[in-house]
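The listed protein sequences derive, respectively, from chains A, B, C and D. Under UniProt numbering, the first sequence has 112 at position 112, and the numbering climbs by one with no breaks. Under UniProt numbering, the second sequence has 91 at position 91, and the numbering climbs by one with no breaks. Under UniProt numbering, the third sequence has 113 at position 113, and the numbering climbs by one with no breaks. Under UniProt numbering, the fourth sequence has 40 at position 40, and the numbering climbs by one with no breaks.
There are 4 protein chains.
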Amino acid sequence: MTVPERLISAATELFAAKGFDRVAVQEIVDRAGVTKGAMYHYFGSKDDLLHEIYGSVLRMQTERLEKIAAGDGPVVERLHAAASDVIVTSIDNFDQAKVYFRSADHLAEDKRLAMRSERRRYHERFRALVEEGQAAGVFRADVPADVTVHYYFGAVHHLATWYSPDGVLSAEDVGRHYADLLVGSLRP
Amino acid sequence: MTVPERLISAATELFAAKGFDRVAVQEIVDRAGVTKGAMYHYFGSKDDLLHEIYGSVLRMQTERLEKIAAGDGPVVERLHAAASDVIVTSIDNFDQAKVYFRSADHLAEDKRLAMRSERRRYHERFRALVEEGQAAGVFRADVPADVTVHYYFGAVHHLATWYSPDGVLSAEDVGRHYADLLVGSLRP
Amino acid sequence: MTVPERLISAATELFAAKGFDRVAVQEIVDRAGVTKGAMYHYFGSKDDLLHEIYGSVLRMQTERLEKIAAGDGPVVERLHAAASDVIVTSIDNFDQAKVYFRSADHLAEDKRLAMRSERRRYHERFRALVEEGQAAGVFRADVPADVTVHYYFGAVHHLATWYSPDGVLSAEDVGRHYADLLVGSLRP
Amino acid sequence: MTVPERLISAATELFAAKGFDRVAVQEIVDRAGVTKGAMYHYFGSKDDLLHEIYGSVLRMQTERLEKIAAGDGPVVERLHAAASDVIVTSIDNFDQAKVYFRSADHLAEDKRLAMRSERRRYHERFRALVEEGQAAGVFRADVPADVTVHYYFGAVHHLATWYSPDGVLSAEDVGRHYADLLVGSLRP
DNA sequence: CATGAATGAGTCTTCATTCAT
DNA sequence: TATGAATGAAGACTCATTCAT
Chain A
1 MTVPERLISA ATELFAAKGF DRVAVQEIVD RAGVTKGAMY HYFGSKDDLL HEIYGSVLRM
61 QTERLEKIAA GDGPVVERLH AAASDVIVTS IDNFDQAKVY FRSADHLAED KRLAMRSERR
121 RYHERFRALV EEGQAAGVFR ADVPADVTVH YYFGAVHHLA TWYSPDGVLS AEDVGRHYAD
181 LLVGSLRP
Chain B
1 MTVPERLISA ATELFAAKGF DRVAVQEIVD RAGVTKGAMY HYFGSKDDLL HEIYGSVLRM
61 QTERLEKIAA GDGPVVERLH AAASDVIVTS IDNFDQAKVY FRSADHLAED KRLAMRSERR
121 RYHERFRALV EEGQAAGVFR ADVPADVTVH YYFGAVHHLA TWYSPDGVLS AEDVGRHYAD
181 LLVGSLRP
Chain C
1 MTVPERLISA ATELFAAKGF DRVAVQEIVD RAGVTKGAMY HYFGSKDDLL HEIYGSVLRM
61 QTERLEKIAA GDGPVVERLH AAASDVIVTS IDNFDQAKVY FRSADHLAED KRLAMRSERR
121 RYHERFRALV EEGQAAGVFR ADVPADVTVH YYFGAVHHLA TWYSPDGVLS AEDVGRHYAD
181 LLVGSLRP
Chain D
1 MTVPERLISA ATELFAAKGF DRVAVQEIVD RAGVTKGAMY HYFGSKDDLL HEIYGSVLRM
61 QTERLEKIAA GDGPVVERLH AAASDVIVTS IDNFDQAKVY FRSADHLAED KRLAMRSERR
121 RYHERFRALV EEGQAAGVFR ADVPADVTVH YYFGAVHHLA TWYSPDGVLS AEDVGRHYAD
181 LLVGSLRP
């Protein structure tokens with residue numbers, strides 16, 4: 001593992017466990033086994049570290065959503081698959097996901113804006129799926145697609161708060177349940 | 001408004017806007033128009049302030065849930081009312097709710113435990129409502145009630161991230177939509 | 001001596017001896033016998049300390065120049081007195097003057113501008129004296145007054161580099177010599 | 001341009017613009033288009049760079065002064081030429097001169113001493129010229145030659161603070177004015 | 001000759017909290 | 001009740017220099 005990888009890895013664990021503001025740069029470099037100077041050689045700031053972790057989750061989930069949404073099954077199935085997939089991948093990369101879900105607003109102004117627009121794209125792709133089903137008449141249309149998407153992502157983000165990999169529910173269990181609830185709630 | 005009230009009020013606004021760790025005690029007392037000494041006269045620590053804000057939301061919502069759940073209408077209606085009510089009251093006290101939703105893990109160990117058990121009670125009362133419906137056969141039983149409740153509270157907590165009182169959706173709109181989605185998803 | 005006074009005094013000595021950039025805040029507070037927190041209670045930054053020292057010299061010298069220039073003797077005598085006075089007061093407050101003469105450009109942008117305009121006023125008052133003599137025909141006019149003033153202030157600022165209070169020359173000696181040279185150079 | 005030349009050149013510009021302590025080695029090598037390793041291959045330290053720049057100005061000016069002083073015209077003319085020459089060459093090599101004039105005390109102990117004695121030699125050669133005129137009765141003797149020389153060099157050093165090559169005054173203009181003032185002030 | 005990763009000591013600044021008054 | 005001066009520990013970040021390659 002290279003030094004920057006070790007740093008990212010250490011930062012991910014710590015940010016996930018204590019939150020960005022509660023982690024000192026010193027702790028990160030100690031855990032990575034390097035000195036502060038080394039960290040600032042690779043990353044411009046503590047914020048950069050967060051940004052990097054952020055980006056990797058967002059990129060991965062965006063790619064997967066795109067692929068699933070572009071499939072050719074019925075929209076109900078595609079939405080179910082997408083809803084389930086975001087849960088499974090979040091749990092499979094739980095520390096990264098925790099950081100992503102909880103530290104959104106800790107980024108400095110400039111990076112926050114860049115991130116925001118990437119995020120919006122994800123949100124919109126998901127919403128398009130819901131709207132497609134509404135247009136096709138298979139989803140209820142009395143609740144705005146936008147509200148539904150916020151509703152579902154709330155549930156997803158909250159995973160970081162209650163889910164434990166050591167419990168009885170596997171990632172797939174939760175994915176299936178959540179997707180069932182979402183799709184179920186959209187029945188006309 | 002008394003001094004402690006002014007302090008709570010100032011702290012609520014600031015914590016809601018920037019997050020607990022990003023607010024200095026000095027900012028709070030400045031906004032409240034008092035000095036630091038005064039704050040430490042009334043509150044033992046910065047944490048205490050958070051605890052106070054926390055408590056007030058949780059207490060209020062617990063009381064209301066209790067009353068609604070204990071009503072005598074059909075369980076579907078009671079769940080819908082409870083689901084909608086938590087949204088409306090959260091939006092009506094949006095700053096307090098934001099603090100409550102986002103700063104859970106910032107409390108010191110001892111206070112966190114106290115808080116946790118209050119929280120669990122609320123969660124369990126809500127879950128009981130779902131289970132009641134499942135037992136009565138009006139709610140689907142293939143998704144554990146526990147998962148459903150986490151799912152819904154995720155959506156609720158996420159309000160703090162996306163909802164704006166200045167937008168087109170009123171508190172009641174969102175309450176109705178969210179409750180519709182929840183109840184809809186529980187149909188067998 | 002109050003704490004802020006002790007801080008200013010310690011900072012003056014240290015800045016004079018080593019230059020602004022070579023002095024650590026820690027050294028200043030150690031010498032003043034307080035902690036860093038105390039310093040930041042009274043001064044917003046290390047720059048503020050510099051600004052304070054700066055200001056006091058500049059204010060004093062401006063006031064004295066104003067008074068001397070406004071006198072009613074012949075212009076030759078007033079210029080001689082002003083030229084001599086700036087030397088004597090600089091030597092009497094040698095540490096402060098050293099800081100003033102050598103650390104001009106170390107101030108942060110905003111404070112530098114404020115300072116600059118005060119400084120210009122001083123320069124212009126002095127120049128007006130030279131121009132008055134030129135208009136009266138008692139000073140040569142082939143060298144622009146502006147150049148002469150820069151020339152003389154260069155000599156003054158340089159005091160910090162070579163003069164020592166322990167040498168054979170008293171402040172008055174240097175003042176007289178410098179003023180003699182200036183007035184002598186302006187003879188037609 | 002060789003690598004060491006590029007480094008010297010970059011360092012000169014940066015030191016002149018921001019002062020020795022405000023320039024990072026990284027900036028210098030970036031501007032020179034090389035890496036830090038390369039710099040430390042050619043120069044022992046950041047101080048060395050300063051020393052090099054220093055030396056070149058001082059050496060050049062010493063040589064020229066020597067030549068001018070050893071001429072065979074009247075002492076008044078030789079002093080005027082020397083006084084004017086130091087201005088013109090300082091302005092022609094303005095960045096180097098700025099560094100030389102302003103960063104005197106930033107050198108490490110050992111190098112500072114070496115520099116000091118070279119400097120003294122220059123000062124003494126100049127003073128000898130003044131004393132020669134005093135002995136010949138063409139310069140006033142009531143102001144010590146030593147003081148006069150400090151006085152004049154102050155004016156020279158101060159150029160770095162106010163002179164701009166883009167203004168209306170050419171190097172020769174300033175040289176003539178300054179020399180006129182010096183020679184004028186020495187009239188008996 | 002030259003790279004660039006890594007060091008380690010040092011920089012300024014922030015802040016929750018205490019305490020004499 | 002309330003002040004505000006003072007503390008002390010911790011915070012993020014910088015930078016000249018070294019060294020294996």
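Don't be surprised by glycine CBs; every beta carbon is placed ideally from N, CA and C.
*From what residue to what residue does the alpha helix (DSSP H) around F43(A) run?*
No alpha helix (DSSP H) contains F43(A), which DSSP labels as neither H nor E.
*Taking only beta-carbon positions, decide if G37(B) is within less than 8 Å of chain A.*
For G37(B), not one C-beta of chain A is nearer than 8 Å to its own C-beta.
*Between the CA atoms of E131(B) and residue 189(B) - distance to the nearest angstrom*: Absent from the structure is residue 189(B), since the part of chain B shown begins at 1 and ends at 188.
_Taking 7 Å as the limit between beta carbons, can you name the residues of its chain near D95(A), skipping five residues before and five after?_
Same-chain partners within the cutoff: T12, E13 and A16.
*In its own chain, which residues sit with a C-beta less than 7 Å from the C-beta of E66(C), not counting the 5 before and 5 after it?*
R125.
_6 Å CB neighbourhood of Y54(D) in its chain, flanking five on each side removed_ = Only residues of its own chain outside the window of five on either side were considered, and among them Y100 have a CB closer than 6 Å to the CB of Y54(D), listed in chain order.
*Hey, is F15(D)'s beta-carbon within less than 8 Å of any beta-carbon in chain C?*
It does not: the Cβ of F15(D) has no partner Cβ on chain C nearer than 8 Å.
_Under 8 Å: do the stretch 162–178 of chain A and the stretch 106–117 of chain A share three or more Cβ pairs, one atom per stretch?_
Contact between the stretch 162–178 of chain A and the stretch 106–117 of chain A is absent, because fewer than three Cβ pairs lie under 8 Å.
*Any beta-carbon of chain A closer than 8 Å to the one on D21(B)?*
Cβ-Cβ to chain A under 8 Å: yes for D21(B).
_Neighbour list for D180(C) in chain D, Cβ cutoff strictly below 9 Å_ = Per Cβ cutoff of 9 Å: R140, D142, V143 and S185.
*Quick one: measure Cβ to Cβ for R119(A) and L58(A), integer angstroms, because I've assumed they're closer than 8 Å.*
So it is a contact: roughly 7 Å between Cβ atoms.
*Any idea if A97(A) is buried or exposed, counting beta-carbon neighbours within 10 angstroms, 16 or more meaning buried?*
When all chains shown are included, A97(A) counts as buried.
*Secondary structure of G73(B), DSSP reduced to three states*: Three-state result, G73(B): coil.
*Compute the distance between the beta-carbons of S90(C) and V149(C), then report whether it is under 8 Å.*
In this structure, S90(C) keeps its C-beta atom at 8 Å or more from the C-beta atom of V149(C).
_Run through chain B and tell me which residues come within less than 9 Å of H177(A), C-beta to C-beta._
Simply D142, V143, P144, V147, T148 and Y151.
*How is the alpha helix (DSSP H) around S185(D) delimited, first residue to last?*
Residues A171 to L186.
*A24(D) by DSSP, collapsed to three states: which one?*
Coil, per DSSP.
*Kindly give me the distance between the Cβ atoms of H106(B) and F20(B), rounded to whole angstroms, as I take these residues to be in contact under 8 Å.*
Sure, about 4 Å apart at Cβ, within 8 Å.
*For D166(D) and chain C, any beta-carbon pair shorter than 8 Å?*
Interface annotation, D166(D): not in contact with chain C, CB-CB separation never under 8 Å.
*State the Cα-Cα distance for the pair L159(A) and Y178(A), rounded to the nearest angstrom.*
The alpha-carbon of L159(A) is positioned some 11 Å away from that of Y178(A).
*Residues of chain C with CB under 7 Å from D105(D), in chain order?*
Correct list: G19.
*Return yes when the Cβ of V3(C) is within less than 8 Å of the Cβ of V34(C), no when it is not.*
Yes.
*asked:* Strictly below 8 Å CB to CB, what residues from chain A border V156(B)?
replied: Neighbourhood of V156(B) in chain A, by CB distance below 8 Å: G154, in chain order.
*Quick one: which chain C residues come within Cβ less than 9 Å of V34(D)?*
Here the premise fails: no neighbours, minimum Cβ distance about 26 Å.
*DSSP three-state call for S9(A): helix, strand or coil?*
In the three-state scheme derived from DSSP, where H, G and I count as helix and E and B as strand, S9(A) is classed as helix.
*State the Cα-Cα distance for the pair V143(D) and G184(D), rounded to the nearest angstrom.*
Per the coordinates, the alpha-carbon of V143(D) lies some 13 Å from the alpha-carbon of G184(D).
*Give a yes or no on whether the minimum CB-CB distance between V86(A) and chain B is below 8 Å.*
It does not: the Cβ of V86(A) has no partner Cβ on chain B nearer than 8 Å.
*Identity of the residue in A128(A), A10(A) and H51(A) nearest residue 197(A) by Cα*: With chain A covering only 1 through 188, there is no way to say anything about residue 197(A).
_V57(C) at chain D interface by Cβ criterion, 8 Å_ = For V57(C), the answer is no, since every Cβ of chain D falls outside 8 Å of its Cβ.
*With G133(A) as the anchor, note down where its alpha helix (DSSP H) starts and where it stops.*
Counting along the chain, the unbroken alpha helix (DSSP H) around G133(A) starts and ends at E109 to A135.
_Environment of S84(A) [buried if 16+ CB atoms lie within 10 Å]_ = With 16 or more other Cβ atoms within 10 Å, it is buried.
*Spatial distance of A141(C) from L182(D) (CA atoms)*: Distance between the alpha carbons of A141(C) and L182(D): 15 Å.
_Can you tell me where the alpha helix (DSSP H) holding Y151(B) begins and where it ends?_
In this chain, the alpha helix (DSSP H) harbouring Y151(B) covers A145 to W162.
_Continuous alpha helix (DSSP H) stretch holding A97(A): start and end_ = A97(A) -> alpha helix (DSSP H) spans F94 to R102.
*asked:* Taking the beta carbon of M39(D) as the centre, do at least 16 other beta carbons fall within 10 Å, making it buried, or is it exposed?
replied: M39(D) is buried by the Cβ-count criterion.
*Option nearest V86(A) by Cα separation, candidates F153(A), R127(A), R31(A) and A108(A)*: Out of F153(A), R127(A), R31(A) and A108(A), F153(A) has the C-alpha closest to the C-alpha of V86(A).
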